[in-house]
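In our numbering, the protein residues as written are 12 to 311. Each residue gets a CB set at the ideal place from its N, CA and C atoms; glycine is no exception.
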Amino acid sequence: MALQLTLTTDRAQVRVVPHLGGGLSAFDWLAGDTPTPIFRAWNGVNDPSTLACIPMLPWWARLSRGGFAWRGRFHPVPLTDPGDSHPLHGDGWRSPWRVVARDDHRVLLGLRSQAIAPFDYEAELEYGLVDATLSVRLSLCNRASEPLPHGLGLHPWLPRTDDVTLHAVADGTWLEQPPALPRTLEADAIPTDWNFSQPRRLPARFVDNCFTGWDGRAVVAWPSRGCQLEIAADPATLRYHVYAPGPERPIFCFEQVSHVIDALNLAASPEQSGLRVLEPGESTEMTVRYHASAIESPAP
């Protein structure tokens with residue numbers, strides 16, 4: 012089993028797996044005799060797609076055309092997995108990260124990657140735990156010799172119960188479902204059962220879609236478990252993605268992301284789609300805080 016580094020307070024526990032994509036194997040709320048998983052529990056399989064949370068860089072989501080064109084040159088990108096139809100989430104989540112620093116409440120990881128040309132980047136991934144709040148900072152510095160577009164994302168898996176609700180403001184989505192991908196930057200109206208601008212249970216139908224116009228705040232509540240997760244992302248993160256395969260699966264995902272799906276191939280400029288074009292030596296970063304707490308009973 013991969014090495015796990017543990018961060019612990021009286022109210023929460025986090026386990027980091029540096030050599031398995033720098034991801035998390037657990038984020039548990041400690042409010043009783045038994046830890047309550049806030050992110051799904053890792054099953055121990057040596058595959059980052061089974062973790063509790065992974066970083067996504069130097070882009071996130073599916074990539075069409077088997078690569079992307081940049082400044083007149085096409086760059087082929089290999090499939091992340093032979094069973095996938097598209098390259099997915101960059102290479103950071105499938106790369107071993109090194110431990111740069113650690114103490115009881117903080118782990119700092121580092122990565123230098125040249126795995127996918129033309130990208131050449133140096134990244135930091137910092138996990139911090141204070142009380143019941145997990146903070147995650149993901150940063151990337153372009154070490155290539157040319158300007159390149161980059162994107163970031165965080166991908167936690169969450170337990171799905173019959174009564175779980177999601178509250179996250181948005182003003183549009185893209186209705187294409189895999190294997191189709193959005194063909195334009197113009198978003199569609201949000202279907203009623205996907206509108207989480209007020210707390211709403213997850214729809215029974217399959218959802219794997221990106222939402223725009225997010226204010227960086229979200230709440231996931233599990234009434235039957237008596238707990239909730241408050242999410243606060245910095246202004247660099249204006250979009251979220253919901254993956255909810257259906258009530259027959261015990262998980263769903265609420266991903267915090269910088270750009271739209273297939274942004275590297277959309278006709279819009281990189282900045283319009285949420286990508287950052289970084290000059291050599293220039294950096295970008297995102298920070299998200301996850302706070303676990305009890306659901307407060309309504310006042311009588």
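>> I want to know whether the region 133-142 touches the region 113-124 - three or more CB-CB distances under 8 Å.
In response: yes
> Going by beta carbon distance, what residues of the same chain come within less than 8 Å of P311, once the five residues before and after it are set aside?
Replying inline: With a pLDDT of 42 at P311, under the threshold of 50, the predicted position of this residue should be treated as unreliable, though the coordinate-derived value follows. Once the five neighbours on either side are set aside, P311 has no close Cβ partner at all.
> Where does the unbroken beta strand (DSSP E) through S146 begin, and where does it stop?
Replying inline: 144-153
> For Y251, does the count of other Cβ atoms within 10 angstroms reach 16, so buried, or fall short, so exposed?
Replying inline: Within a 10 Å sphere around the beta-carbon of Y251 sit 16 or more other beta-carbons, which makes this residue buried.
> Between C64 and H166, which are expected to be in contact by the criterion C-beta below 8 Å, what is the C-beta distance as a whole number of angstroms?
Replying inline: The pair is a contact, with the Cβ atoms about 6 Å apart (cut-off 8 Å).
>> Does the structure place the region 202-210 close enough to the region 141-154 that three or more beta carbon pairs sit under 8 Å?
In response: no
>> Tell me which residues share the same chain as C264 and place their Cβ nearer than 8 Å to its Cβ, disregarding the 5 neighbours each side in the sequence.
In response: H166, P167, W168, L169, H252, V253, Y254, A255
> Per DSSP, what kind of secondary structure is Q15 in: helix, strand or coil?
Replying inline: coil
> Going by alpha carbons, who is nearest to G162 out of H97, P234, A13, L68?
Replying inline: L68
>> Do S146 and L122 count as a contact pair if the criterion is CB distance below 8 Å?
In response: No; because the gap between Cβ atoms is not below 8 Å, this pair is not in contact.
> Near A244, which residues of its chain fall below 6 Å by C-beta distance, leaving aside the five closest residues on each side in sequence?
Replying inline: G227, Q267, V299
> If you pair each beta-carbon of the region 35-53 with each one of the region 291-307, do three or more pairs fall below 8 Å?
Replying inline: yes
> In chain order, what residues of the same chain have a beta carbon less than 6 Å from the beta carbon of D182, not counting five sequence neighbours either side?
Replying inline: Answer for D182: G224, listed in chain order.
> Is it true that the CB of I262 sits closer than 8 Å to the CB of R171?
Replying inline: yes
>> What does the alpha-carbon distance come out to for the pair A274 and T45?
In response: Answer to the nearest angstrom: the Cα atoms are 42 Å apart.
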